[in-house]
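Everything below concerns the one structure shown next.
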Amino acid sequence: MSSSNTNPGSFSRPGIEFLGGARDQLPILLGVVPFGVIFGALADSAGIPAFEAQSFSLFIFAGSAQFIAVSLIGQAASPFLIVLTIFIVNLRHMLYSASLAPHVNHLSNRWKIPLSWLLTDEAFIVASSRYRRGNIEFAHWYFLGTGLMLWTAWQLSTSLGIALGVLIPPEIGLDFALPLTFMALIIPTLTDRPAWAAACSAGFFSILLANLPFKLGLLIPVIIGISVGLGVEIQSASARRANGDIT
Amino acid sequence: MSRLELWIIILAGMAVTYLIRLSFIFLIPPDRLPEWFRRGLRYIPPAVLAALIAPDILLLDGTLHLSFTNHRLLAGSIAALVAWRTRNTWLTIVSGLLTFGLLALL
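Sequences listed follow chains B and Y, in order. Each position in the first sequence, counted from 1, maps to that position plus 3 in my numbering. With my numbering, the residue at position 66 of the second sequence is 59, and numbering never jumps.
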């Protein structure tokens, strides 16, 4: 049938959420896919066999940690040190887990286990923007859709990089799409003064601490940002109380 | 490095990463967390995003680059403006990439 007024509700609510999550991950993939290709190429040039290289993406599924692990393998570091490094680099995911925990608390373990598995930086950022929009009855399908989209793209881009085995020149400039995507996502989170304070202080310290190893240049500024946000919230709440006492 | 060592890294790396991601979702119920901690969670997304954006647009080869010759800063500012006015992810990215490309041509 060529009727143009097809019912858009031909998908169920879970289906709409799932596709919405997958769709909203697309802009981020523009920035992620080049990294996946580069990871595959780097793993190949570090002498890691194709199956093991792909397994890093399949099982660890954490971009920064995989890059650092491969560079440590290239330097013949001990497996213990490499695993410890992966642990420190991914410690920031604990914050994401804490942030999303209240939203998925009502779900069964059948949901919690795969959703946690997909909890990367990019999945967290897109999923938490969904939870902020409210009406979350089926939002876990959105989380699943966005996580699976990212996971699939990460696997395919890794494979491509292993197959090519050559480095993609960074001058292409596509990596710049990543901060631009984050720019679009941060604006709706800046709803009040404490949120601005959290963002500004985290940004400031991320510059100051940019040279720290193990992604600590991300973890520490984020913890400072959260503390500053809380501090400003408490301070303005008590200022409001003080004003209330005067009038 | 032997294949056995590689598999130790992959499987142990998977275990620690997964335990971190499971931590609060699975192992610790949120109603057991203190009140201040739960309120702090709201500030994670803006803090994470700012800490990801700032080095990408302000640092060049590891040093602060605050001037009109920093094309990433200019294009990022345009993109921020577009994001603020339109709330549209694609428009934000396209405007930023276009600005970046145009500046490279100048």
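The beta-carbon is built from N, C-alpha and C at its ideal position, and this holds for glycine as well.
Residue i versus residue j: straight-line alpha-carbon distance, rounded
| i | j | result |
| --- | --- | --- |
| G69 of chain Y | V87 of chain Y | 11 Å |
| T250 of chain B | R26 of chain B | Low confidence applies to T250 of chain B: its pLDDT is 44, below 50, so where it sits in the model is not reliable enough to give any reading. |
| P37 of chain B | Q28 of chain B | 15 Å |
| L121 of chain B | P182 of chain B | 21 Å |
| I227 of chain B | G220 of chain B | 11 Å |
| S209 of chain B | S15 of chain B | 42 Å |
| L90 of chain Y | I71 of chain Y | 10 Å |
| S48 of chain B | L(-1) of chain Y | 15 Å |
| H64 of chain Y | A245 of chain B | 46 Å |
| N214 of chain B | G18 of chain B | 43 Å |
| L75 of chain B | S241 of chain B | 49 Å |
| G3 of chain B | S160 of chain B | No answer is possible for residue 3 of chain B: the residues shown for chain B start at 4 and end at 250. |
| L26 of chain Y | R32 of chain Y | 10 Å |
| L(-3) of chain Y | M186 of chain B | 42 Å |
| V9 of chain Y | F54 of chain B | 21 Å |
| V40 of chain B | N93 of chain B | 21 Å |
| A166 of chain B | F62 of chain B | 19 Å |
| L193 of chain B | W157 of chain B | 29 Å |
| S102 of chain B | Y134 of chain B | 10 Å |
| T88 of chain B | I3 of chain Y | 13 Å |
| S7 of chain B | I189 of chain B | Reliability of the predicted coordinates at S7 of chain B is poor, the pLDDT of 42 falling under 50, and the value obtained from them is presented with this limitation in mind. So the two alpha carbons sit approximately 37 Å from each other. |
| L108 of chain Y | G206 of chain B | Limits of chain Y in this structure are -6 at one end and 99 at the other, which puts residue 108 of chain Y out of reach. |
| M97 of chain B | S16 of chain Y | 6 Å |
Proximal chain Y residues relative to residue i, where beta-carbon distance stays under 9 Å
| i | result |
| --- | --- |
| M97 of chain B | I13, R14, S16, F17 |
| V107 of chain B | I18 |
| N93 of chain B | G6, V9, T10, I13, R14 |
| P30 of chain B | T82, W83, T85, I86 |
Beta-bridge partners of residue i, as assigned by DSSP
| i | result |
| --- | --- |
| L118 of chain B | Paired residue(s): none; L118 of chain B is not in a bridge. |
| L52 of chain Y | Y:L57 |
Beta-carbon neighbours of residue i, restricted to chain Y and to distances below 8 Å
| i | result |
| --- | --- |
| W120 of chain B | Y11, R14 |
| L193 of chain B | P39 |
Chain-ordered neighbours of residue i on chain Y, where CB pairs are closer than 7 Å
| i | result |
| --- | --- |
| F185 of chain B | L42, L45, I46 |
| P82 of chain B | E(-2), I1, I2 |
| F59 of chain B | I3 |
Buried/exposed call for residue i, threshold 16 Cβ in 10 Å
| i | result |
| --- | --- |
| D124 of chain B | buried |
| A79 of chain B | exposed |
| R80 of chain Y | exposed |
| G137 of chain B | exposed |
| H109 of chain B | exposed |
| T9 of chain B | Confidence at T9 of chain B is low in this model, with a pLDDT of 44, below 50, so the placement of that residue should be treated as unreliable; the coordinate-derived value is given next. Per the 10 Å Cβ criterion, exposed. |
| M4 of chain B | Its pLDDT being 41, under 50, M4 of chain B is placed unreliably in this model, and the coordinates cannot settle the point. |
| W144 of chain B | buried |
| I13 of chain Y | buried |
| R35 of chain Y | buried |
| R95 of chain B | buried |
| F61 of chain Y | exposed |
| I51 of chain B | buried |
| G164 of chain B | buried |
Contact set between residue i and chain B, taken where Cβ atoms lie within less than 7 Å
| i | result |
| --- | --- |
| P22 of chain Y | N108 |
| L52 of chain Y | I210, A213 |
Within chain B, partners of residue i - CB distance below 8 Å
| i | result |
| --- | --- |
| R32 of chain Y | L233, E236 |
| L90 of chain Y | G176, F179, A180, L183 |
List in chain order: all unbroken alpha helix (DSSP H) runs of 4+ residues lying wholly within the segment 143 to 172 of chain B.
Runs of the alpha helix (DSSP H) lying entirely within the segment 143 to 172 of chain B and spanning at least 4 residues: none are present.
Fully enclosed by the segment 6 to 31 of chain Y, which beta strand (DSSP E) runs are 3 residues long or longer?
The segment 6 to 31 of chain Y contains no whole beta strand (DSSP E) run of 3 or more residues.
List in chain order: all unbroken alpha helix (DSSP H) runs of 4+ residues lying wholly within the segment 190 to 228 of chain B.
Listed in chain order, they are 196 to 211.
Scan the segment 83 to 129 of chain B and note each continuous alpha helix (DSSP H) run of 4 residues or more that stays entirely inside, going in chain order.
Entirely contained in the segment 83 to 129 of chain B, the alpha helix (DSSP H) runs reaching 4 residues are, in chain order, 96 to 107, 112 to 120.
Completely contained alpha helix (DSSP H) runs for the segment 34 to 88 of chain B, where each covers 4 or more residues:
If one requires a minimum length of 4 residues, the alpha helix (DSSP H) runs lying completely within the segment 34 to 88 of chain B are 53 to 58, 66 to 77, in chain order.
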